[in-house]
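The structure appears below as structure tokens.
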Amino acid sequence: MKPGERILGVEGGGTKTAWVLAETVAGVNAPSCEFRVIDHGKLPPSNFRLTTSDRLRTILAELPKQIDRAGVFLAGCGTEEDRSSLKQICLEVWPNAKIVTGSDRDSGLAAALDHGDGIVVNAGSGSSVTGRRGNRIERAGGWGHILGDAGGGYFLSIQALRLILREHDLHRGAIRFTAKILHALSLNNLDELVRWVQTADKMEIAMLAPVVFEAATEGDARMMEIIEEGACVLCEYTEAVASALHLLAPKVALIGGLFHRDSIYTHAFRRRLKKNLPDARVAIAERAPELGAALLAAEAGGHATFHANPSQNEIDSLAAALTEQRNPRSENLEKMNGRELVEVFVEEEKFVQEALRAAVGELARAIEIVAESLRNGGRLFYIGAGSSGRIGVLDASEIPPT
Numbered sequence: 001m002k003p004g005e006r007i008l009g010v011e012g013g014g015t016k017t018a019w020v021l022a023e024t025v026a027g028v029n030a031p032s033c034e035f036r037v038i039d040h041g042k043l044p045p046s047n048f049r050l051t052t053s054d055r056l057r058t059i060l061a062e063l064p065k066q067i068d069r070a071g072v073f074l075a076g077c078g079t080e081e082d083r084s085s086l087k088q089i090c091l092e093v094w095p096n097a098k099i100v101t102g103s104d105r106d107s108g109l110a111a112a113l114d115h116g117d118g119i120v121v122n123a124g125s126g127s128s129v130t131g132r133r134g135n136r137i138e139r140a141g142g143w144g145h146i147l148g149d150a151g152g153g154y155f156l157s158i159q160a161l162r163l164i165l166r167e168h169d170l171h172r173g174a175i176r177f178t179a180k181i182l183h184a185l186s187l188n189n190l191d192e193l194v195r196w197v198q199t200a201d202k203m204e205i206a207m208l209a210p211v212v213f214e215a216a217t218e219g220d221a222r223m224m225e226i227i228e229e230g231a232c233v234l235c236e237y238t239e240a241v242a243s244a245l246h247l248l249a250p251k252v253a254l255i256g257g258l259f260h261r262d263s264i265y266t267h268a269f270r271r272r273l274k275k276n277l278p279d280a281r282v283a284i285a286e287r288a289p290e291l292g293a294a295l296l297a298a299e300a301g302g303h304a305t306f307h308a309n310p311s312q313n314e315i316d317s318l319a320a321a322l323t324e325q326r327n328p329r330s331e332n333l334e335k336m337n338g339r340e341l342v343e344v345f346v347e348e349e350k351f352v353q354e355a356l357r358a359a360v361g362e363l364a365r366a367i368e369i370v371a372e373s374l375r376n377g378g379r380l381f382y383i384g385a386g387s388s389g390r391i392g393v394l395d396a397s398e399i400p401p402t
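Residue numbers (this note's numbering): 1 to 402.
Here is the structure:
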């Protein structure tokens, strides 16, 4: 590869198609090919099994045209025949580019583990668990929403919808969650809900998962049971993959919208996994899957790494970071009255309390470390003003320039 080559990484699933455009900054004579991100974006969903070829062409045609390589990895693209078919579609869009295709499992592994060993747990609209040790790959789940996407957004949503109807059939009454679902869908009664479900696709149903999380956070025990069930299945898959690979203390990387958007699911998964795999090192993946897709495209001609020094474009891309994204519940603020606005903000504070409660042990340990250091003449540099870290730390305004 030569400096200046443009590499497109694409990862598509049931929720969205995320892409990143990168440019190489070190050539073939360097120890490894390095590249920096120059653009990125999102497009509509592109699950290979649920999207027609014509629709895929339309989506891919929206991506940058001037590229040298493309790595396109889609959910549902699991067989050699699938990869070949997807490659032909890609060549229609980029006839002069080197194309690499595959499943979102592949790009997830590359993004989360690079070349290392470990397990990737993906929970978005669907779910899958994939592990690697050396050249050996083991998989669990990921069979699609009809046969086996347990633990994904569709699974959680459909379980909640079934509970609504079961309670109605058995007790002729509505559970608290019923009103939330009807409100979220702007429906009036169960008959309308049933008609909606019968015509809704996988993605429309999966998009109800945030309502399930919200209800659980507000104390709905039945919704919490569904969340625990989903986390339990993902943990069982993770344990099975770890056992098959003989990984006693695996790195477990979490990817997908459910883990990123709702900390309650991450906590449930960690808590469950710790019981049977106590030495597992669980963390949210640092890289997005589309970066893994770009890495795989680059590695088709050799080893690739990210450039160590961020460019201005990379710095600008931080605007796409999770911490900078808009809370989904704040997307319709202009339609709310004053009371509704206040209620949204008050309810959101519950998430803060939950996050702090889950980190009590870590916060206490941090205070002990800070106090001991200060007693021994050490200094603490607290970067970031505000009230988030006042216990046991110095506020930024209290630290003189150094």
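Think of the CB as a built atom: it goes at the ideal place given N, C-alpha and C, for glycine as much as any other residue.
Just so we're clear, the structure is a prediction, and the values are computed from it rather than from any experiment.
Note: Asp39 is bridge-paired with Leu21 in the DSSP secondary-structure output. Out of Glu290, Arg287, Arg271, Pro289, the CA that lies nearest to the CA of Arg281 is found in Arg271. DSSP places Gly118 within a strand segment (E or B) once states are collapsed to three. Nearest Cα to Cys77 within the set Leu56, Pro95, Ala97: Leu56.
By the neighbour-count criterion, in which a residue is buried when 16 or more other Cβ atoms sit within 10 angstroms of its Cβ, Pro250 is buried. Of Glu11, Asp68, Leu43, the smallest CA-CA separation from Ala298 is found for Asp68. By the 16-neighbour rule on beta-carbons within 10 angstroms, Phe345 is exposed.
Assigned with DSSP and collapsed to three states, Thr101 falls in strand.
With fewer than three CB-CB distances shorter than 8 angstroms, the region 92 to 101 does not count as touching the region 207 to 220. The DSSP-derived three-state label of Ile255 is strand. Leaving aside the five residues that flank Ser125 on each side, the residues in its chain whose CB is nearer than 7 angstroms to its CB run, in chain order, Gly13, Gly14, Thr15, Gly152, Gly153, Tyr154, Lys202, Met203, Ala206. The DSSP-derived three-state label of Thr130 is strand.
When DSSP reads this structure, Arg69 sits in a beta bridge with Ile7, Lys98. The DSSP-derived three-state label of Ala61 is coil. One thing to note: Gly230 has its Cβ no nearer than 7 angstroms to the Cβ of Asn122. Taking 7 angstroms as the cut-off, the beta carbon of Glu138 is found no closer than this to the beta carbon of Leu273. Ala22 and Ile59 have their C-alpha atoms spaced approximately 19 angstroms apart.
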